[in-house]
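Residue numbering for the sequence shown follows this note's numbering, beginning at 10 and increasing consecutively.
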Amino acid sequence: METTCFDLGSVEQIPLGQGHCFLIGGQEVAVFRGRNGRLSAIEDRCPHRAGSLADGIMGEGKIVCPLHGHKFDLTTGQGSEGHECVKTFPVEEKDGKIVLSL
Ligand code: FES
């Protein structure tokens, strides 16, 4: 499948240590900016009961779902509940902008 790059705008729109949900081609993607400035991107909807992971709390490379506390690894998408996992997407900072590949 072909990969398309999307310019999502300035990294500054996401405060350090927080996430933001973007709607890209019908796909909800949660982009996170770690306290060290590192970006990561996963699908936004929690596989448990569709909580918005962009609103979760980040820590130690994981995001904690705001609804029931399941955790997801921001690099692999693997969840804390064994069978649960979310898609991950390549994302990087280029010239101060967020560039996501889908
Ligand atoms: S909706 Fe995410 S843990 Fe329940």
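Built from N, CA and C at the ideal position, the CB exists for glycine as well.
If you're wondering where the values come from, they're calculated on a predicted model, not measured in any experiment.
Assignment of beta-bridge partners to Asp82 by DSSP yields Lys71. His77 has its CB nearer than 6 angstroms to a heavy atom of the ligand FES. Its Cα nearest to that of Gly91, the residue Lys80 stands out among Phe98, Lys80 and Pro99. Excluding residues up to 5 positions away in sequence, Leu25 and Gly26 lie with their Cβ nearer than 6 angstroms to the Cβ of Arg44 in the same chain. Apart from sequence neighbours up to five positions away, the residues of its chain that approach Gly70 with a beta-carbon distance below 6 angstroms are Leu83, ordered along the chain. Counting only residues of its own chain and dropping the five nearest sequence neighbours on each side, Pro56 has a CB closer than 8 angstroms to the CB of Gly88, Glu93, Cys94 and Val95. Beta-bridge partners assigned by DSSP to Glu93: none are found.
The closest heavy atom of the ligand FES lies 6 angstroms or more from the beta carbon of Cys14. For Ser19, the closest C-alpha among the options Leu32, Thr13, Val38 and Arg42 is that of Arg42.
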